[in-house]
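Presented below is the structure to which this report refers.
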Amino acid sequence: MSGLTLNLNVKGLGLTKQQLKRLKNSGLDLRKPLDLVGQYLVSETQSKFVDNKIKPQTKKFGIKKVVEIKGGKKKEIKLKVKGQTLLERGHLMQSITHHVSGHEVEVGTNVVYAAIHQFGGRAGRQHASVIPARPFLGVSQQDKNEIKHIFIDYIDKKI
1017 MSGLTLNLNV KGLGLTKQQL KRLKNSGLDL RKPLDLVGQY LVSETQSKFV DNKIKPQTKK
1077 FGIKKVVEIK GGKKKEIKLK VKGQTLLERG HLMQSITHHV SGHEVEVGTN VVYAAIHQFG
1137 GRAGRQHASV IPARPFLGVS QQDKNEIKHI FIDYIDKKI
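Position one of the sequence shown corresponds to residue 1017 (this note's numbering), numbered consecutively onward.
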């Protein structure tokens, strides 16, 4: 995926050493639990858009626009943002996918403007617009717990 990708290491899930050893030595095909993890993370990410949980990481937020006034003077205007952030057309939300390959799952998007919304930065002509970070990809503690249970359930059923 060329836009933005999230990688998660199984070691970061809090599995016990015994569980990790069982997983490693099992020789199990991990594509099924990885696919379930990918589906789960895509669903959780998309729900952040729908539930309007994607918030700028700044206290005072508005779009700053630099306007040139007669005489060459520049004035900065702060515009208020209304509605649901990043959901007007839903392209970014609908582009979130997952891909399982070997022993890993990637969750992300190929939308070129995804990174500017995830990390924030300057955009537009002459980079005049400041876009605050609105992280939509990520793994919460609740997500880690769910992913851990997906793997534990899979291991328990197979071993």
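Positions of the beta carbon are idealized from the N, C-alpha and C atoms, including for glycine.
What are the residues that DSSP puts in a beta bridge with residue i?
i, result
"I1178", "The question about residue 1178 has no answer here: the residues shown for the chain are numbered 1017 through 1175."
"R1138", "V1146"
Can the beta-carbon of residue i be found closer than 9 Å to that of residue j?
i, j, result
"G1106", "T1113", "no"
"L1108", "F1135", "no"
"I1171", "L1057", "no"
"S1145", "N1126", "no"
"R1141", "I1147", "no"
"I1166", "V1053", "yes"
Please report the Cβ distance between residue i and residue j, rounded to the nearest whole angstrom; I am assuming they are in contact, meaning their Cβ atoms lie under 8 Å.
i, j, result
"E1060", "D1159", "6 Å"
"S1042", "K1164", "Contact doesn't hold; Cβ gap of about 16 Å is too wide."
Shorter than 9 Å from the beta carbon of residue i to some beta carbon of chain C?
i, result
"R1138", "Absent from the structure: chain C. Only one protein chain is present."
(message) Using a Cβ distance threshold of 8 Å, determine whether the stretch 1109 to 1121 contacts the stretch 1033 to 1050, with at least three qualifying pairs required.
(response) At 8 Å Cβ cutoff, the stretches touch.
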